[in-house]
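Visitor: Here the sequence shown is numbered in UniProt numbering, starting from 1 and rising by one per residue. Ideal Cβ positions, reconstructed from N, Cα and C, are used throughout, including at glycine.
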Amino acid sequence: MSEELLNKYFKGTCTPEEKILVAKYLNEINDLPANTFSKEEWDETQDAALSEAESLQMFEAITEQTTTPVHRVSWLKITAAAAVVLTILGIGFLSLNRNQPKPNLANQENLTAKLKNVVNWKSVVNYTEQDQLLTLPDNSTVKIYPGGELRYTVPFMQNKREIYLKGKGFFQVTKDKKHPFIVYAKGISTTALGTSFTITALEKNKLVKVQLHTGKVWVKNIDSAHHIKPFSEILKPGDQLVYNALLNKVKLTDAKLPAGRPQDKPAVLNFTQAPLADVFASLEKHYQVKIIYNPADVSEMSFTGSLKLSQPIATILEEITELNKLSQTKTIKGYLISK
Numbered sequence: 001m002s003e004e005l006l007n008k009y010f011k012g013t014c015t016p017e018e019k020i021l022v023a024k025y026l027n028e029i030n031d032l033p034a035n036t037f038s039k040e041e042w043d044e045t046q047d048a049a050l051s052e053a054e055s056l057q058m059f060e061a062i063t064e065q066t067t068t069p070v071h072r073v074s075w076l077k078i079t080a081a082a083a084v085v086l087t088i089l090g091i092g093f094l095s096l097n098r099n100q101p102k103p104n105l106a107n108q109e110n111l112t113a114k115l116k117n118v119v120n121w122k123s124v125v126n127y128t129e130q131d132q133l134l135t136l137p138d139n140s141t142v143k144i145y146p147g148g149e150l151r152y153t154v155p156f157m158q159n160k161r162e163i164y165l166k167g168k169g170f171f172q173v174t175k176d177k178k179h180p181f182i183v184y185a186k187g188i189s190t191t192a193l194g195t196s197f198t199i200t201a202l203e204k205n206k207l208v209k210v211q212l213h214t215g216k217v218w219v220k221n222i223d224s225a226h227h228i229k230p231f232s233e234i235l236k237p238g239d240q241l242v243y244n245a246l247l248n249k250v251k252l253t254d255a256k257l258p259a260g261r262p263q264d265k266p267a268v269l270n271f272t273q274a275p276l277a278d279v280f281a282s283l284e285k286h287y288q289v290k291i292i293y294n295p296a297d298v299s300e301m302s303f304t305g306s307l308k309l310s311q312p313i314a315t316i317l318e319e320i321t322e323l324n325k326l327s328q329t330k331t332i333k334g335y336l337i338s339k
């Protein structure tokens, strides 16, 4: 057997006929000729796939030789036989794979789409006696009052930011015109594109209140199951919509000046990007109270919206401090505003 043919065999470049010839030769000898191949060549040797007919022919040839009792089986014979058997098994595995039905690409795409559409609902309930501040996936914030519950998906759906509310919640909405922010409460939806408002929908109360602080919101009925009389209202800052489920009526109180009100005492204070210090000064003048604060704390804060002066000063300050993440405390001297 030539050294060149042996090298071709162990490198996997033999023809089918040469492979059978070399296999028979290896079965008949006990040792390979010296310097047949180096360790590096051995390490680089690759298995060559045979056809089914070639493998069967080679296997029969080796079987015929190895069953003769006078031959002594050496490690080399075992190695050669094992190589052939592994080759046959490899061919069988490849053949089996070829016979398996190919995965349906459309089915895979459908499965991927279904997995993407899996909705992960999150529910947050405020069981405490303190207000709870929650940041939503779009960085909008909600103050959930005691007993309130909020449900939403994480992340939000592709085209909408939908929230389901039970109880009372104060919302500060991140502006995103392409993704309306919608709050559902007792069959009423409140839609905002970037604003702040409070919704009160207590379970034991027949009233649903939507109070707008800044921006604009669209409030309408969406649930026929609650037998709500159809309505659709756009609120402006200072407006409040109240739905009475018992009477099935909607009442809208706006921020306009009431008839007969003295003009020197306006019913509403309107602000547009007004520094918070100026807002406090106006409130001090109207309510004749002292509002104490650290100017450095509010130096970069402003307020846009309408303040109804028919409300108690404490209620107005609560709205302003909530919008700016401040706190207020009633003192002997007046009201203390702090971070």
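For residue 311, write down the residues that DSSP places opposite it in a beta bridge.
Guide: Partner(s): none; residue 311 has no beta bridge.
Visitor: With a threshold of 7 Å (Cβ to nearest heavy atom), would residue 15 be considered close to the ligand ATP?
Guide: Summarising the ligand content, the structure contains no ligands, and the ligand ATP is consequently not present.
Visitor: My output table needs one value for residue 173: the three-state DSSP class, helix, strand or coil.
Guide: Note: residue 173 maps to coil in three-state DSSP.
Visitor: Taking one C-beta from the stretch 146-164 and one from the stretch 130-138 each time, how about it: are there three or more such pairs within less than 8 Å?
Guide: Verdict: yes, contact present.
Visitor: Leaving aside the five residues before and after residue 313 along the sequence, list all residues of the same chain whose C-beta is less than 8 Å from its C-beta, in chain order.
Guide: So the list reads 283, 287, 289 and 335, once near-sequence residues are dropped.
Visitor: Take residue 196 and list the residues in its own chain whose beta-carbon comes closer than 6 Å to its own, dropping the five residues that flank it on each side.
Guide: Hits under 6 Å: 172, 213, 214 and 323.
Visitor: Cutting at 7 Å between CB atoms, please list the residues of its own chain near residue 4, excluding the five before and the five after it.
Guide: Closer than 7 Å at the Cβ level, and outside the excluded window around residue 4, lies no residue.
Visitor: Quick check: what's the CA-CA separation for residue 285 versus residue 155?
Guide: Their Cα atoms are separated by approximately 46 Å.
Visitor: I believe residue 144 touches residue 189 by the beta-carbon criterion, under 8 Å. Please report the beta-carbon distance rounded to the nearest angstrom.
Guide: That pair is no contact at about 19 Å.
Visitor: Report the rounded CA-to-CA distance for residue 219 versus residue 164, giving the unit in angstroms.
Guide: Distance between the alpha carbons of residue 219 and residue 164 is about 14 Å.
Visitor: Within its chain, find whatever has a CB closer than 8 Å to the CB of residue 229; leave out the 5 residues flanking it on each side and keep chain order.
Guide: So the list reads 221, 248, 249 and 250, once near-sequence residues are dropped.
Visitor: Does DSSP classify residue 333 as helix, strand or coil?
Guide: Coil, per DSSP.
Visitor: At what residues does the alpha helix (DSSP H) containing residue 280 begin and finish?
Guide: Unbroken alpha helix (DSSP H) run through residue 280: 276-287.
Visitor: Please name the residue or residues paired with residue 127 in a DSSP beta bridge.
Guide: Paired residues: none, contrary to the question.
Visitor: Could you name the residues of the same chain whose beta carbon sits closer than 6 Å to that of residue 330, not counting the 5 residues immediately before and after it, in chain order?
Guide: None.
Visitor: Exposed or buried, residue 338, counting other C-beta atoms within 10 Å across all chains shown (16 or more means buried)?
Guide: Exposed, since its Cβ has fewer than 16 Cβ neighbours within 10 Å.
Visitor: For the alpha helix (DSSP H) that contains residue 298, what are its first and last residues?
Guide: First-last of the alpha helix (DSSP H) with residue 298: 295-298.
Visitor: How many angstroms separate the CA atom of residue 8 from the CA atom of residue 21?
Guide: Each residue's Cα considered, the two are about 12 Å apart.
Visitor: Quick check: the Cα distance between residue 135 and residue 231, rounded to an integer number of angstroms?
Guide: Near 31 Å, if we compare the C-alpha coordinates of residue 231 and residue 135.
Visitor: Enumerate in chain order the residues of its own chain whose CB-to-CB distance from residue 185 is below 8 Å, with the five nearest sequence positions on each side excluded.
Guide: Closer than 8 Å at the Cβ level, and outside the excluded window around residue 185, lie 164, 165, 166, 199, 201 and 208.
Visitor: Does the distance from the C-beta atom of residue 310 to that of residue 273 stay below 8 Å?
Guide: Contact flag unset, no.
Visitor: So what's residue 206 in DSSP terms, helix, strand or just coil?
Guide: Here residue 206 sits in coil by DSSP.
Visitor: Could you tell me the distance, in whole angstroms, from the CA atom of residue 122 to the CA atom of residue 192?
Guide: The straight-line gap from Cα to Cα measures roughly 21 Å.
Visitor: Cα separation between residue 299 and residue 119?
Guide: C-alpha separation (whole angstroms): 43 Å.
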